[in-house]
Amino acid sequence: MVEPILIIIGALVVVSLGAPFLGKRASAYCAPMAFTLILAYTLYALIAMHGLGRIKGIAPNELSYVVLLVSLLAGALISFSVNRIGRGSGIAVSLISSGTLANFVLSSTLNPFYIISAWGLLSVSSYGMAAIPKDRVSLGNSLKYAFMGGLSFQLLLLGFVLYYSFLGITPGLPMVIGAALLVAAVGFKIGIVPFHMWLPDVYGTSDPVAVSVLSSMMKLGPIVLLVNLFMTGAELLEPAQRNAILAFLMILSLITMTWGNVTAAVQRDVQRMLAYSSISHVGFMLMAITTIIASYIYSVSPYLAYMALFVYLFSYSISKAGAFSYMKAFSVRTYDAIKGAGRAYGDVSGMFSVSLLNLLGLPPLLGFWAKLFVFMAAANPKITPFFVGQVPWYTLVGIINSVISAFYYVRVLQSLYSASQPSASFQGLRTTIIASSAILILGGVLLPLIFL
Amino acid sequence: MIEYVLFLIWGLPMLAAGLGLLLRREAPFISIATIAISFLISASAPFLVHVPYVVSYPWFTLLGRTVRFGMLIDGLSVVMGSVVAFVSLLIAIYSYRYMYGDWGHTRYWYFFSFFVGSMLLLVYASNLIVLLVGWEGTTLASYALIGHWYTDEDEERWVGDKGRYALGVPMWFTPSQSGVRAMVVTSFGDIGFITAIGMLYKVSGTISILGIESRISEIIIALNRDGLLLPFLIAFTMGAFAKSAQFPFHEWLVTAMTGPSSISALIHAATMVNAGVYFLLRFAPMLLEGASSVGLYYTLSAFFTYTLVIGAITAFMLASMAVASNELKLILAYSTASQIGYMFMGIGAAYFLATPTVALFASLSHFISQALFKAAMFMAAGALIEEFSSRYIKDMANAYSRMKLTAIAFLLASLSLAGIPPFSGFWDKDLILESALMSGNLIAYVLGAAGAFLTAFYIFRAFTIVFINRGDEKLREKEVREAHPVMLWPYFTLGLLSLLFGVFWYYPSGGLSQMIYSFVYTRSTVKLPTAPITFSPSDVAISVTVSLLGLLSAFYIYRSRREVNLRSSALRKLRDFLYDRWYINSVYYRAFIYSLNGFASYLMKHVEFGSFDRFYHVIIPRFVLGAGERLRRFQQGDIGKYLLVLLAGALVLLVIGFVMVVLMYG
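The listed protein sequences correspond, in order, to chains A and B. Take 1475 as the starting number for the first sequence in this note's numbering and just add one per residue. Take -9 as the starting number for the second sequence in this note's numbering and just add one per residue.
Here's what the structure looks like:
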């Protein structure tokens, strides 16, 4: 009896190795099928065998299941439109596959060696993805990305040394420094302010299909790694250390969501706006993570916070995959350039609007439940730092940010549905956009039926 | 097995409503057929089951208790339900022709059937929740049907004179406006009703009608202990008062005349407006029974006096308005509210009598009479308005020579309404007035008797002007024909029935009245003493005199005159006062609607736009955009700068960690 986890890792490796040899045509058919098959097998294994099993050092938990499923789903969706990247589509599929593998490993282990190697794999996949179109902008972005990534890798290494060496041994400072460095390293990877500076350039100007991979998949692993590191270490931490970590995350989440929102609001380019909105969404996810850790510290059931993170990861990834793919249809991506697209390309634009509204968090879409769960979990009166008197200030700041985000999402809708004739080509993108939004609608409708 | 058949009484019309939407053209036939079956089942219910009978099954759980969905079949509900179904049947037949080719045909039949279903559900409800469902269903249907011609295009469908103001308030009402008025006013009464259901549940833990009955003394004692008995009763019956258009809620019924005439006949004369009467007839016996066992005579007497006086005021006030009115349907509408006022009087007076069931029965019987004659009159009015293409009586004359059968039907109904023996209207009105006199409340009696005079006067004013008066040349030449048979026969039947019902109503040895009376009050779960119905000759003499006086004076005045020229300005003012409905509408608008509007615009201007809107749409965007422009300057693609920010961020985290730890360990 082979553990399902081995089969999945093996399959991903096979896809990674095989995809570059496939032609443009073949990859367009094979890649979605391959990812869907792996997804189906994973679901089957989860349901029929109650888990994926474990191998030495890699022990998947619920969070890593979510990471794997979301990565596979986003991979399957995006691989419908990789052809639009051009000649490197086979390589793109390969990178998506290896990124998925890296995410999965990163989210299901605490062994530093696995983490470091998965981190490397994830980084390489990301840099490669950014560079695939091989034009000047992409290569420049990739280089910038790689340079900053190298630096954050060093922070990670240093952080590991300090965090692991002093975890549970010495009370006090060294471990906290390690934690801070880890936060900085992961923060770089997922775009936490102030470690985000590379992100708007890469997300805002690279090829949108490549960005849809970067923004939707390549963050999942590191986010879950953050949770795993702190939750596993939590019982070994001193109260001061715990509070320090809580303070880091709380402050960072607030800065991140606000910074992302405020800068997104002033963009004139829709793709750059989406890039900044990614930052802001990471802020919300960080809020869920903070709430998970706070729940542990204040002995509250973390169930809702976990649910919030799951749903948020799912909703965010799928809608970013669709939204960035939509941008690929345009050569110029300013608000003015997409004017009238809602009338000229009714079906895809309608679904794109659904993605945006999902990011905004409008019921009955999945994004609504995601935000609702995050806010509900954070508004637990037992978590005292989130409250000033009776006022759940932490939640309130989140809600205000969510309201601000309406400003720039709705502006896109306004552009889409004003009278004009844009030029765009949705060849090969339709499936990704429509399927992703359909999943969001379906998820939003089904979720309350399943969980409420 | 038989239980399921009983559910068809209201289930069939509901089904017909749905089917009518699918088979648009066949909707009237489905409606008529199902209502006919409903009537047959309803009338034969005493033979199907042993009355009183309850059939119910669990519906949902409320606060840990199961609410059952069911029907209560006793004397009262059978009589009420059968009358409702019968009159609805005739009106449905009438509507087939009356609404033929109307642009809202499908909608009309949907709400018609839905209304009949809801009304029957209300009548046969076994608990207050089911009753409330039917109750609100009738409100909804009433709203939709009053506003049936919601485009407000045809001014003949309006109520009131366009351009007329009273105290600065417009006195003309369009269908869409009237629908909302009806909904708002009746729902306002429901606030009290629903609150009272909650109180009742809190006190007794039951909402089933039989449950309330079995614990009535317990409920009365518990409420009385907190001094809540009178407020409770007023709240509990507030919905009934509003639905039955009793003062001060009567305004909605007047303007409800914007609906089709068939609807005025069905909802605003024969069935829905009597729901309040039914409600009181249902619960008054329990209160009477409870009162005698508990011995709280005075608290309860306040409530019954209140019912008696409100009924008397409505009976008199609305009758006085009808005297000055110029619109045929409006006269009938005033008359409806006024007649229901008599029914309330009967219920109020019952408490003070030795055998209260006689007075209660008088109210029930008056409901039956009024269902017969008022439905007939409204349907005839519909035909007249169509033929003369005007809703004003001043535009109708000499109709007798051209619409003989309509005239006969209208005359029969008018005689019954005026209270001329041996018509049914005479017997019950006289019985009610006698009860009011015996209750010792002289004010109520005088108001009621004055109302009876006015009733005879206004209806024969309308009858004489429309049918007898020869009118001028132009009116005589108007081409007017007898109504189509499908329209004519329903109201002719009803006119005839109000005569027959009266003829067989009373014999000293028995008669129809004694039959219905003993059926209702022996086949009920509340056992109250019954006594033979008797009349005192002196009271009968007074009522007959008063009615005849009104009738003859109206006939004498209007036989050859179109209208009375009032010379004194005081009398003209009085006529305006009555014509503008005692200025009650204007007072309501000034006191509630305009002041609320003013308050709302104040909030809109200063709070909504001044604070919230300004905050969200001016201050926040300005702040966000300003901040965004500043932060954006960091992003210039200079990798060295990026690195600096990254390191600065990491440093800040280190400082925070350092401070936290130092704070913790000193």
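We put the CB at the ideal spot given by N, CA and C, even for glycine. As the structure is a computational prediction, the values presented were derived from the model and not from experiment.
Worksheet item: Which class does residue 413 of chain B belong to by DSSP, given the choice of helix, strand or coil?
Response: coil
Worksheet item: Which residue from A:1857, A:1623 and A:1751 puts its Cα closest to that of residue 1832 of chain A?
Response: A:1751
Fill in: Reference residue 1741 of chain A; option with closest CA among A:1679, A:1729 and A:1772
Nearest option by C-alpha distance: A:1679.
Discussion item. Applying the 10 Å Cβ sphere with the 16-neighbour rule, what's the burial state of residue 1657 of chain A?
Written reply: buried
Worksheet entry | Rounded separation between residue 3 of chain B and residue 483 of chain B - CA only | 23 Å
Item to complete: Please look up how many angstroms separate the CB atoms of residue 187 of chain B and residue 202 of chain B, rounded, as I've assumed it's under 8 Å.
Response: Contact doesn't hold; Cβ gap of about 10 Å is too wide.
Worksheet item: When the cut-off is 8 Å and only beta carbons count, does residue 1634 of chain A lie next to chain B?
Response: no
Fill in: residue 160 of chain B (DSSP reduced to helix, strand or coil)
strand
Worksheet item: Which ranges would you report for the alpha helix (DSSP H) in the stretch 383 to 471 of chain B if only whole runs of at least 4 residues count?
Response: Counting only runs of 4 or more, we get 389 to 392, 394 to 408, 414 to 428, 432 to 453 and 463 to 467.
Practice prompt. Evaluate the contact criterion for the stretch 541 to 548 of chain B versus the stretch 444 to 451 of chain B: three or more CB pairs, one atom per stretch, below 8 Å.
Written response: yes
Worksheet item: Using the beta-carbon of each residue, which ones in chain B are nearer than 8 Å to residue 1622 of chain A?
Response: Simply 629, 632, 633 and 636.
Worksheet entry | Nearest residue (CA-CA) to residue 174 of chain B, options B:129, B:143, B:597 and B:278 | B:129
Fill in: Contact check, residue 232 of chain B vs residue 323 of chain B, beta carbons under 8 Å
no
Item to complete: Decide if residue 54 of chain B is buried, meaning its Cβ has at least 16 other Cβ atoms within 10 Å, or exposed.
Response: Burial call: exposed.
Fill in: Cβ-based neighbour list, residue 1800 of chain A, same chain, cut-off 6 Å, excluding 5 preceding and 5 following
1826 and 1907
Item to complete: Mind checking the stretch 1711 to 1725 of chain A against chain B and listing, in chain order, the residues whose C-beta falls within less than 9 Å of any C-beta there?
Response: 1712, 1713, 1714, 1715, 1717, 1718, 1719, 1721, 1722 and 1725
Fill in: Top-ranked residue by Cα proximity to residue 647 of chain B, from A:1788, A:1719, A:1771 and A:1848
A:1719
Practice prompt. Indicate whether at least one CB of chain B lies closer than 8 Å to the CB of residue 1731 of chain A.
Written response: Closer than 8 Å: no.
Worksheet item: Taking Cβ positions only, does residue 619 of chain B come closer than 8 Å to chain A?
Response: yes
Fill in: Beta-carbon contacts of residue 107 of chain B that lie in its chain and below 6 Å, excluding the five residues immediately before and after
0, 3 and 4
Worksheet entry | Neighbouring residues, chain A, relative to residue 622 of chain B (Cβ below 7 Å) | 1737 and 1740
Worksheet entry | residue 1770 of chain A vs residue 1848 of chain A beta-carbon contact at 8 Å | Contact check for residue 1770 of chain A against residue 1848 of chain A fails: the beta carbons are separated by 8 Å or more.
Worksheet item: In the structure shown, what three-state DSSP assignment does residue 1827 of chain A receive?
Response: DSSP, read as helix, strand or coil, puts residue 1827 of chain A in helix.
Fill in: chain B contact residues for residue 1663 of chain A, given Cβ-Cβ distances below 9 Å
None at all; the shortest Cβ gap to chain B is about 12 Å.
Worksheet entry | Contacts that residue 610 of chain B makes with chain A (C-beta to C-beta distance below 9 Å) | Within chain A, 1874, 1877, 1878 and 1881 have C-beta atoms less than 9 Å from the C-beta of residue 610 of chain B, given in sequence order.
Item to complete: Quick one: residues in its chain with C-beta nearer than 7 Å to the C-beta of residue 292 of chain B, no 5 flanking neighbours on either side, listed in chain order?
Response: 220
Discussion item. Just to confirm, is the Cβ distance from residue 73 of chain B to residue 571 of chain B under 8 Å?
Written reply: no
Worksheet item: Where residue 1485 of chain A and residue 1512 of chain A are concerned, what is the direct C-alpha to C-alpha distance, given to the nearest angstrom?
Response: 7 Å
Discussion item. Against chain B, with Cβ distances strictly below 8 Å, would residue 1767 of chain A count as a contact?
Written reply: Not an interface residue.
Discussion item. Which same chain residues end up closer than 7 Å to residue 1560 of chain A when comparing Cβ atoms and leaving out the 5 residues on each side of it in sequence?
Written reply: 1607
Worksheet item: How about residue 1659 of chain A and residue 1630 of chain A: are their beta carbons less than 8 Å apart?
Response: If you check the CB distance, residue 1659 of chain A and residue 1630 of chain A come in under 8 Å.
Discussion item. Just to confirm before moving on: does the CB-CB distance between residue 146 of chain B and residue 381 of chain B stay below 8 Å?
Written reply: Yes, the Cβ-Cβ distance between residue 146 of chain B and residue 381 of chain B is below 8 Å.
Worksheet entry | Contact residues within the stretch 1835 to 1846 of chain A, judged by C-beta distance below 9 Å to chain B | Those would be none; no residue qualifies.
Worksheet item: Does the beta-carbon of residue 411 of chain B have 16 or more other beta-carbons within 10 angstroms, so that it is buried, or is it exposed?
Response: buried
Worksheet item: Who are the Cβ neighbours of residue 273 of chain B in its own chain at under 6 Å, not counting the five residues just before and after it?
Response: none
Fill in: Per-residue DSSP class, three states only, for residue 51 of chain B
strand
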